[in-house]
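The structure appears below as structure tokens.
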RNA sequence: GCGCCCGUAGCUCAGCUGGAUAGAGCGCCGGACUUCGAAUCCGUAGGUCGCAGGUUCGAAUCCUGCCGGGCGCACCA
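Numbering (our numbering), first residue to last: 70 to 620.
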């Protein structure tokens, strides 16, 4: 709707220019917004004010020239010029009524758009090292990444979701060592368990399985070989646990991409050779450095250490190059905020390898503080004291967890209170929104069984209560909200919108009965609430939250 | 020391990339179920948008400097 209004205004401005009422045809970007106060119209635009400089005219004069060109027959009831030069538009009731037919026509696609124009996007998220189970922080990243992908897909992008598995390098070796030492201990040998090994109980459990499976055969091998075997066993098992946990959380991935495969296929060395050929690396103190400072990073970065090993950064350069080579036109990485210092060097490497950093976005998700009844719950992977994502999903459910993760801008730290997440009240908005869906479903059933009424194309003119208009306006806003959420990569906008729409519905429900003695009115209201249910369902789907018919 | 993010109602947070009188939930207080689901609704109170300057028709939003909090600054991942 906002787009429609915007086009209306811009066309009017152009018409005014063509008729000579405006001296210049340079039109700055126009914003159309919905004023908070009813007296300021349904939509308002600041076009006259932002144009004042270029036109060398008083804003109110410009506004008059534009208003004269806006057709009043169509959507618009009347226009006002207010304050310093706002143009306020008041729409006809018939315009609001179109909300219902629009939702019905769109169905599950109502709110979808062609913003992305089929552009291929990859969203990479979670990508936790397979050295332990996912914790709550990963859950937030998973929710944000998954929902962002759903929103972009809905907005016309072609989206793939990918998990990058860090299955090479030192932490995997440490994992293998941890498992081997636990195993050794179980076999009755005295071992010293180093502090930098993974302490969690899950390692001991795996050691038991290894013992049951292989007996004491690993003790007979060279330790290096045994550790390698343990590393593979542990990484595979942990990864399959991660996959299960994510599935239970409603987060499927299109690709699971192995870091090790970049080495196996020689991609990392190729990348380093390419950087060499471009002269963007140099040797210093026995190591090979990437000249990140040539691309606005604050220092140069090592890609090959003096001991000959490549760094994580080296494979990351290769990985991002590979993403572009696979045809993605836009890359979105979801990272924990503690990795923010990493952005400039990835940007630098993307530029150095001949791609555009503009096509690369990072969503930095702030950390999660897990609470129980207001008290912090300690978490640390190394010490093994943490609450896993699985624990949380088991305790509060995937829907509640996801909604909480998505009810906050990813930019701000999140307090996740386990006790609060379980409350079935307004403390916990997921139920508030889902309740709308269940309530409307129940009304539709009742209408059918008791009144033999189903949703049909009856006239909607009977709908004229203020609460009804509010609902229709809210539904017309949905496509705008999706658009904004997609452009800004901000799923929380969907959550807030849904709470708004839910609130409008609950108010309406409490004040007016859908099923009245008047059959025509009832039928019209049935159409209205069925549309509301559709929008709620679609919105929840964008968050990856279910829309239950009963609660 | 340098860099990134954040300071909005008692609490938890929105504020559509500069708009008009800054919003919501929780909590407090007071109301609404013989009627489609009370996991709901209605109402009251609550603010110098961290502080100080600047930019302009107009600032919670942009710039600068402070104050306060979080997180980073490896030949770790």
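Cβ atoms here follow ideal geometry from the backbone N, Cα and C, with glycine treated the same way.
Open item on the list: So, with DSSP's three-state summary, where would you put residue 433?
Closed with: Position 364 of the first chain, counted from the start, is the residue given in the question as residue 433. Strand at residue 433.
Open item on the list: Please state whether the Cβ-Cβ distance between residue 560 and residue 216 is less than 8 Å.
Closed with: In the first chain, counting from the first residue as 1, residue 560 sits at position 491. In the first chain, counting from the first residue as 1, residue 216 sits at position 147. When the beta-carbon positions are compared, residue 560 and residue 216 come within less than 8 Å of each other.
Open item on the list: Is it the case that the segment 423 to 442 contacts the segment 199 to 219, given that we only count it when at least three CB pairs across the two stretches are under 8 Å?
Closed with: Short answer: they touch.
TODO: Name the residue from 383, 443, 238 and 437 whose alpha carbon lies nearest to the alpha carbon of residue 414.
DONE: Counted from its first residue, the first chain places residue 414 at position 345. Checked all of 383, 443, 238 and 437; the closest Cα to residue 414 is 383.
Open item on the list: Using a Cβ distance threshold of 8 Å, determine whether the segment 103 to 115 contacts the segment 153 to 166, with at least three qualifying pairs required.
Closed with: With a cut-off of 8 Å, the segment 153 to 166 and the segment 103 to 115 count as touching, because enough Cβ pairs lie within range.
- [ ] Keeping to the same chain, check which residues put their C-beta closer than 8 Å to that of residue 551; ignore five residues upstream and five downstream.
- [x] Stepping through the first chain from its first residue, residue 551 is reached at position 482. Closer than 8 Å at Cβ, skipping near neighbours: 180, 181, 182, 220, 223, 224, 563 and 611.
Task: Bridge-paired residues (DSSP) for residue 151 - done: The residue you call residue 151 lines up with position 82 of the first chain. According to DSSP, which records beta bridges pairwise, residue 151 is partnered with 155.
- [ ] Within the same chain, show all residues whose beta-carbon is closer than 8 Å to that of residue 445, passing over the 5 residues directly before and after it, in chain order.
- [x] As a position in the first chain, residue 445 is number 376, starting the count at 1. So the qualifying residues of the chain are 438 and 439.
TODO: Compare the C-alpha of residue 104 against each of 81, 89 and 159 and name the closest.
DONE: As a first step, residue 104 is located in the first chain; it is residue number 35 there, counting from the start. Across the set 81, 89 and 159, the C-alpha of 159 shows the shortest separation from the C-alpha of residue 104.
Task: Same chain, Cβ closer than 6 Å to residue 273, five either side skipped, listed in chain order - done: If you number the first chain from 1, residue 273 lands on position 204. Taking residue 273 as the centre and dropping the five residues before and after it, the same chain places the C-beta of 251 closer than 6 Å to its C-beta, in chain order.
TODO: Measure the alpha-carbon distance for residue 15 versus residue 512 and round it to whole angstroms.
DONE: Absent from the model: residue 15. The displayed extent of the chain is 70 to 620, so no value can be given.
Open item on the list: My output table needs one value for residue 344: the three-state DSSP class, helix, strand or coil.
Closed with: Locating residue 344 in the first chain gives position 275, where the first residue counts as 1. Taken through DSSP and simplified to helix, strand or coil, residue 344 comes out as helix.
Task: Alpha carbon of residue 399 to alpha carbon of residue 419, nearest angstrom - done: Taking the first residue of the first chain as 1, we reach residue 399 at position 330. Taking the first residue of the first chain as 1, we reach residue 419 at position 350. When rounded, the distance between both Cα atoms is 12 Å.
- [ ] Could you tell me which of 520, 477 and 519 sits nearest to residue 499, measuring between CA atoms?
- [x] For this step, residue 499 is matched to residue 430 along the first chain. Nearest C-alpha to residue 499: 477.
Open item on the list: So the candidates are 80, 96 and 208; which of them puts its Cα closest to the Cα of residue 613?
Closed with: Position 544 of the first chain, counting from 1, holds the residue named residue 613. Nearest C-alpha to residue 613: 208.
- [ ] Could you check what DSSP says for residue 357 in three-state terms: helix, strand or coil?
- [x] On the first chain, position 288 is the one that residue 357 refers to. Shown here, residue 357 sits in a strand according to DSSP, grouped into three states.
TODO: Buried or exposed for residue 74, please, with buried defined as at least 16 other CB atoms from any protein chain shown within 10 angstroms of its CB.
DONE: Here residue 74 corresponds to residue number 5 of the first chain, with the count starting at 1. Buried.
TODO: Helix, strand or coil for residue 395, going by three-state DSSP, please let me know.
DONE: Position 326 of the first chain, counting from 1, holds the residue named residue 395. Three-state result, residue 395: coil.
Task: CA nearest to the CA of residue 374, picked from 341, 405, 397 and 364 - done: By 1-based counting over the first chain, the position of residue 374 is 305. Cα-wise, what sits closest to residue 374 is 341.
- [ ] Report yes if the CB atom of residue 280 is closer than 8 Å to the CB atom of residue 229, and no otherwise.
- [x] If you number the first chain from 1, residue 280 lands on position 211. If you number the first chain from 1, residue 229 lands on position 160. Cβ distance not < 8 Å, so residue 280 and residue 229 don't count as in contact.
Task: Distance CB(residue 335)-CB(residue 296) smaller than 8 Å - done: Within the first chain, residue 335 is the residue found at index 266, counting from 1. Within the first chain, residue 296 is the residue found at index 227, counting from 1. No, Cβ-Cβ distance for residue 335 and residue 296 is not below 8 Å.
Task: Spatially closest choice to residue 350 from 417, 307, 536 and 234, by CA coordinates - done: Translated into positions along the first chain, residue 350 becomes position 281. Answer by Cα proximity: 417.
Open item on the list: residue 502 and residue 605 - do their beta-carbons sit closer together than 8 Å?
Closed with: Against the first chain, residue 605 aligns to sequence position 536. Against the first chain, residue 502 aligns to sequence position 433. In this structure, residue 502 lies closer than 8 Å to residue 605 by Cβ.
- [ ] Can you check the segment 120 to 152 for any alpha helix (DSSP H) of at least 4 residues that lies completely inside it and give the ranges in chain order?
- [x] For the segment 120 to 152, whole alpha helix (DSSP H) runs of length 4 or above, ordered along the chain, are 128 to 136.
- [ ] Would you be able to state if there are at least three C-beta pairs under 8 Å between the segment 352 to 362 and the segment 286 to 295?
- [x] The answer is no - the segment 352 to 362 does not touch the segment 286 to 295, with fewer than three Cβ pairs under 8 Å.
Open item on the list: At the level of alpha carbons, what is the spacing between residue 457 and residue 256?
Closed with: The residue labelled residue 457 in the question sits at position 388 within the first chain. The residue labelled residue 256 in the question sits at position 187 within the first chain. Cα to Cα, the separation comes out at about 29 Å.
Open item on the list: On the criterion of 16 or more Cβ atoms from any shown chain inside 10 Å, does residue 376 qualify as buried, or is it exposed?
Closed with: Taking the first chain and counting its residues from 1, one reaches residue 376 at position 307. Exposed is the call here.
TODO: Below 6 Å CB to CB, which residues in the same chain sit around residue 567 once its five sequence neighbours on both sides are set aside?
DONE: Reading the first chain from its first residue, position 498 is the one you call residue 567. Beyond the five residues adjoining it in sequence on each side, residue 567 comes within less than 6 Å, by CB distance, of 502 and 608 in the same chain, given in chain order.
Task: Close-in-space but distant-in-sequence residues of the same chain around residue 260 (CB under 7 Å, 5 per side omitted) - done: Against the first chain, residue 260 aligns to sequence position 191. The residues 250, 253 and 254, in chain order, have a CB closer than 7 Å to that of residue 260 in the same chain once the five nearest residues on each side in sequence are set aside.
Open item on the list: Does the structure place the segment 528 to 542 close enough to the segment 457 to 466 that three or more beta carbon pairs sit under 8 Å?
Closed with: Touching, no, given that fewer than three Cβ pairs across the two stretches are closer than 8 Å.
Task: Assigned secondary structure, residue 520 (DSSP; H/G/I helix, E/B strand, else coil) - done: Counted from its first residue, the first chain places residue 520 at position 451. In the structure shown, residue 520 falls within a helical segment according to DSSP collapsed to helix, strand and coil.
TODO: Compare the C-alpha of residue 100 against each of 276, 118, 138 and 248 and name the closest.
DONE: The sequence position of residue 100 within the first chain is 31, counting from 1. For residue 100, the closest alpha carbon among the candidates 276, 118, 138 and 248 is that of 118.
TODO: Name, in chain order, the residues that DSSP records as bridge partners for residue 603.
DONE: Within the first chain, residue 603 is the residue found at index 534, counting from 1. Residue 603 is not bridged to any residue.
- [ ] Could you give the DSSP three-state label for residue 184: helix, strand or coil?
- [x] The count along the first chain starts at 1 and reaches residue 184 at position 115. The three-state secondary structure of residue 184, taken from DSSP, is coil.
Open item on the list: In this structure, how does DSSP classify residue 322 when only helix, strand and coil are distinguished?
Closed with: One-based indexing of the first chain puts residue 322 at position 253. In the structure shown, residue 322 sits in coil (DSSP, three-state: anything other than H, G, I, E or B).
Open item on the list: Does residue 457 come out as helix, strand or coil in the three-state DSSP assignment?
Closed with: For the purposes of this step, residue 457 is taken as the residue at position 388 of the first chain. Strand at residue 457.
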